[in-house]
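Reviewing the structure listed below.
There are 2 protein chains.
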Amino acid sequence: MEEAPASSRHDLCQACAIRNQAICSDLDPREIGILNGIGRRRRLAAGEQLMWEGHEAVLVANVIEGILKLSSHSADGKEQILGLVYPSDFLGRPFGETSPYGVEALTDSHICVFERRDFERFAREHPRLEHKLLERTLGELDRTRRWMLLLGRMTAEQKLASFLIEMADRLGTSEADGSTTVLLPLSRQQIADILGLTVETVSRQLTQLRAKGIITLSSRREIRIDVIEELQTIAG
Amino acid sequence: MEEAPASSRHDLCQACAIRNQAICSDLDPREIGILNGIGRRRRLAAGEQLMWEGHEAVLVANVIEGILKLSSHSADGKEQILGLVYPSDFLGRPFGETSPYGVEALTDSHICVFERRDFERFAREHPRLEHKLLERTLGELDRTRRWMLLLGRMTAEQKLASFLIEMADRLGTSEADGSTTVLLPLSRQQIADILGLTVETVSRQLTQLRAKGIITLSSRREIRIDVIEELQTIAG
DNA sequence: CGTTCGTTTGAGCCAAGTCAATGTGTGTGG
DNA sequence: CCACACACATTGACTTGGCTCAAACGAACG
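These protein sequence lines are chains A and B, in that order. Read in order, the letters of the first sequence are residues 1 to 236 in the UniProt record's numbering. Read in order, the letters of the second sequence are residues 1 to 236 in the UniProt record's numbering.
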């Protein structure tokens, strides 16, 4: 694909946009060199599937650019999005045979992939990497558990408010007047699949928030949050 | 409390019931000795609180005996149980300042506690322990994500069926006739708090499953599952 | 034996789901 | 460039699963 010649390989990581945020950040130049040897870059188009629920987990990756979703389906076909993965996040299931979820790119993405086996071997030999991975996994577990509270105990309105706050936090650009604009990487259906709701309910709640003057729906995917404090009050 | 004299401390771990399942299982005798020095045993009565949501996380622990719950409260006071912790499971939030959930013993319990700082220092110096902890955390993350699907996309009936299957799996004793009996460590309210339902709905669903001849309610806390296949069909 | 706490049952209601129609971009081929 | 198709989004009408409120029941315990 876009393999660099062996001599310049070393530079791939050095020039990496997420060099200092990802789990590789603690490694010394020699270690980075080895990692470079077993990893490769890969591009994904929006909508492209990287892993399938229940299939063998052959690879893991670092996300360099783009947003991906982890999702799982109930017996009767309903989808539940289990999490979103952002740049510098780690992706995949090391030390496990099968992937418990499917992975799909929501936007055009750029990732740094490793054969799971290669990565595991490297990780076991480099405790600093495993430590980084552990910290990340613990953080991810906390975030996932917070999402359980949302799914189990919040009303549709509270769910939407919480979702918008999170998106503003992650992807928002603040304006001078205190408002924040978010360009959503998700369709209404996908928002519903995150919040455990239906498309119709998501749509209705958004129009209600608009009617209350809390948000402005600039275009399908673009939402401006005019009064974020109101959202925080609703979310609790 | 029940401190052993320094000379016999070493034996505490050797005699430990979960010696070969917990995260300490890979350590050599010397390492076990150090761990012994920084840990201590502690008993908890059913209902006793070990950690508080949002408070500083001062300790971590291994569960030797008993079952504990992790839970969190929404702004309007509703509780959501985020997970159950069983013997040989690890408990607490290493490498984090505050505990994102409360921890309470559901049954009389016996745990092996460490000051978080001490544990962290030891872990960083002993990669085999960190690796075990990583594997455990990854598994816990998978289990938590599976629960998200339940909370977001299942009906009350499916939730109950899934819950009973999980409990039978974890705590059930199989009879000769193919049935399984479970002694629940949870009240109806707590079951509701796990499944994101109300007590009334839990009660109604249980009576319905009984009416269908799938389960028998021997006593409040004791449930016999007569036809587990039926439950699996319902759960999907 | 009465009190208490957890559980079950009942009646009514409401939030969110379902089903169906309409609206709104966006891209495609004539 | 327009018209058509198609996918996504919104809105409306209706239904319903699970919640709320309230009462009755039952086991455990002083």
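The beta carbon of each residue, even a glycine, is placed where N, CA and C say it ideally should be. Please read all numbers here as calculations on a predicted model, not as lab measurements.
Asked	Found
For chain B, is any of its Cβ atoms less than 7 Å away from the one on A/Glu3?	Model confidence at A/Glu3 stands at a pLDDT of 46, short of 50, so the residue's coordinates are unreliable; what they give is reported in the following sentence. Not an interface residue.
Could you name the residues of chain A that B/Ala75 contacts, counting a contact when the two beta carbons are closer than 7 Å?	Gly236
Do you know how far the Cα of A/Thr144 is from the Cα of B/Gln205?	27 Å
For the alpha helix (DSSP H) holding A/Ala168, just list the boundary residues, first then last.	156-171
Here's the rule I'm using: 16 or more other beta-carbon atoms within 10 Å means buried, otherwise exposed. How should B/Glu56 be labelled?	exposed
Would a C-beta distance cut-off of 7 Å place B/Leu70 and B/Tyr101 closer than the cut-off?	yes
May I have the straight-line CA-CA distance separating A/Glu48 from B/Gly66, to the nearest angstrom?	45 Å
Helix or strand or just coil, what does DSSP make of A/Gly83?	strand
How many Å lie between B/Ser99 and B/Ala211 at the Cα?	42 Å
Check distances from the C-beta atoms of the stretch 75-103 of chain B to those of chain A and list, in chain order, the residues that come in under 9 Å.	Ala75, Asp76, Lys78, Glu79, Gln80, Ile81, Leu82, Gly83, Arg93, Pro94, Phe95, Gly96, Pro100, Tyr101
Taking three-plus beta-carbon pairs below 8 Å as touching, is the stretch 207-226 of chain A in contact with the stretch 161-181 of chain A?	yes
Please tell me whether A/Leu134 has its Cβ less than 7 Å away from any Cβ of chain B.	yes
DSSP three-state label for A/His131, please.	helix
Let me make sure I understand the geometry here. Which of B/Ala15, B/Arg153, B/Cys24 has the alpha-carbon closest to that of B/Lys132?	B/Cys24
Could you tell me which uninterrupted beta strand (DSSP E) segments, each at least 3 residues in length, are contained entirely in the stretch 56-119 of chain B, listed from first to last along the chain?	59-65, 68-73, 79-85, 102-105, 109-115
Throw me the rounded Cβ distance for the A/Leu84 and A/Val60 pair, which I believe falls under 8 Å.	With 8 Å as the limit, A/Leu84 and A/Val60 do not qualify as a contact, their Cβ atoms being about 17 Å apart.
Just the Cα atoms here: how many angstroms apart are A/Pro87 and A/Arg136?	13 Å
What are the residues of the stretch 62-73 of chain B that lie near chain A, defined by any Cβ-Cβ distance shorter than 7 Å?	Ser72
Excluding the 5 residues flanking B/Trp52 on each side, which residues of the same chain have their C-beta closer than 6 Å to its C-beta?	Gly102
What would DSSP say about A/Ser179, mapped onto helix, strand or coil?	coil
Select from A/Ala161, A/Phe95, A/Gly172 the residue whose C-alpha is nearest the C-alpha of A/Ser203.	A/Ala161
When burial is assigned at 16 or more other CB atoms within 10 Å of the CB, is A/Glu229 buried or exposed?	exposed
Helix, strand or coil for B/Thr233, going by three-state DSSP, please let me know.	helix
I need the straight-line Cα distance from A/Arg41 to A/Gln80, nearest angstrom please.	29 Å
Just list the residues that DSSP pairs B/Glu140 with in beta bridges.	Partner(s): none; B/Glu140 has no beta bridge.
Check each candidate in A/Glu200, A/Asp108, A/Gln21 and name the one with the smallest Cα separation from A/Leu44.	A/Asp108
Out of B/Glu120, B/His110, B/Ala123, state which residue places its alpha-carbon closest to the alpha-carbon of B/Leu68.	B/His110
For a contact meaning CB atoms closer than 8 Å, what does B/Arg145 contact in chain A?	Leu70, Ser72, Leu82, Gly83, Pro100, Tyr101, Thr144
Do we get a CB-CB distance below 7 Å when we pair A/Gly152 with the residues of chain B?	yes
Measure the Cβ-Cβ separation of A/Ser74 and B/Arg124 and say whether it is below 7 Å.	no
Would you verify that the beta carbon of A/Ser8 is, or is not, closer than 7 Å to some beta carbon of chain B?	Since pLDDT at A/Ser8 reaches only 48, below the 50 mark, its modelled position is unreliable, and the value read off the structure follows with that caveat. No, A/Ser8 does not count as interfacial toward chain B.
For the alpha helix (DSSP H) that contains A/Glu31, what are its first and last residues?	29-38
With a threshold of 8 Å on Cβ separation, who are the neighbours of B/Gln158 within its own chain once the five nearest residues in sequence on each side are excluded?	Leu150, Ile234, Ala235, Gly236
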